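J.: One structure is given below, represented as structure tokens, and several questions about it will come after.
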Amino acid sequence: MIEKILIVYYSLTGNTQFIAEIIEDITKADILELKPIKQLNPSSSMKYMWGGFQATMKKKPKLHEIDKNPLDYDLLFLGTPVWAWTYSPPLRSFLSMYDLSDKKIAIWTCSAGGTAKGLERFSSALKDTEIIGKIGFREPLNNNPEESKEKAISWVNEIMKQFN
Ligand SMILES: Cc1cc2nc3c(=O)[nH]c(=O)nc-3n(C[C@H](O)[C@H](O)[C@H](O)COP(=O)(O)O)c2cc1C
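So this is what it looks like as structure tokens:
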């Protein structure tokens, strides 16, 4: 029996947030957006350089205060954009702060290109947890949002079936 669910995500340009809100609608779970103190400008082309650098160097940027305790939850949905073929630095910060080894985890990624690499790297960062679902989206806001929404809904429903 799953009692408490938390959705945790970071999103620079809205795609990961779009999926987070679909999950929130279905599960009515609590939601936590990770906000780095030094945020990149989503409309600057420099974001690729700085963000790619941070991701490649495995940086853990300082986050604004987190007002939910992930350890109080049984199931966590974790979402990230793919940066430089890996998960984004704010998720790296988040994962370094908590021991999630007794949690059930479902992960999603949003990327411009193929989804396999980002999902694989994100999964391996969570290898001590029980990953009960994973899925990759290709920029859902730009590529058929309705279809992406349907895909997200069936994925979440499939996960939640286990707990009904
Ligand atoms: C710094 C940076 C690096 C990126 N690196 C990749 C990448 O390696 N592979 C890829 O497929 N997409 C890459 N992208 C594209 C994003 O993963 C994609 O646009 C994603 O949907 C963004 O999610 P968001 O809107 O929630 O921020 C990158 C974007 C940024 C800003």
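Numbering of the sequence shown is given in this note's numbering, commencing with residue 573 and proceeding in unit increments.
Backbone N, C-alpha and C fix where the C-beta goes; we use that ideal spot for every residue, glycine too.
Here the structure is a predicted model, which is why all the values come from computation and not from measurement.
1) Between LYS675 and LEU635, is the Cβ-Cβ spacing less than 8 Å?
2) State the Cα-Cα distance for the pair LEU667 and ASP602, rounded to the nearest angstrom.
3) Ends of the beta strand (DSSP E) at PRO653?
4) State whether the region 621-629 contacts the region 683-699, with contact taken as three or more CB pairs (one from each stretch) at a distance under 8 Å.
5) Would you give the residue range spanned by the beta strand (DSSP E) that SER767 belongs to?
6) By the 10 Å Cβ neighbour count, where 16 or more other Cβ atoms means buried, how is LEU647 classified, buried or exposed?
7) Of all the alpha helix (DSSP H) runs that stay within the bounds of the region 654-683, which reach a length of 4 or more residues?
8) Less than 8 Å between C-beta atoms, sequence neighbours within five positions excluded: which residues of the same chain meet that for ALA724?
9) Starting from GLU605, follow the beta strand (DSSP E) in both directions and report where the run begins and ends.
10) Got a sec: does ligand 1 put a non-hydrogen atom nearer than 7 Å to the Cβ of VAL654?
11) Please classify LYS619: does DSSP put it in a helix, a strand, or coil?
T.: Let me spell this out:
1) no
2) 18 Å
3) 647-655
4) no
5) The first residue shown for the chain is 573 and the last is 736, placing residue 767 beyond what the model contains.
6) buried
7) 661-669
8) ILE591, ILE594, ILE595, TRP680, ILE707, PHE709 and PRO712
9) 602-605
10) yes
11) helix
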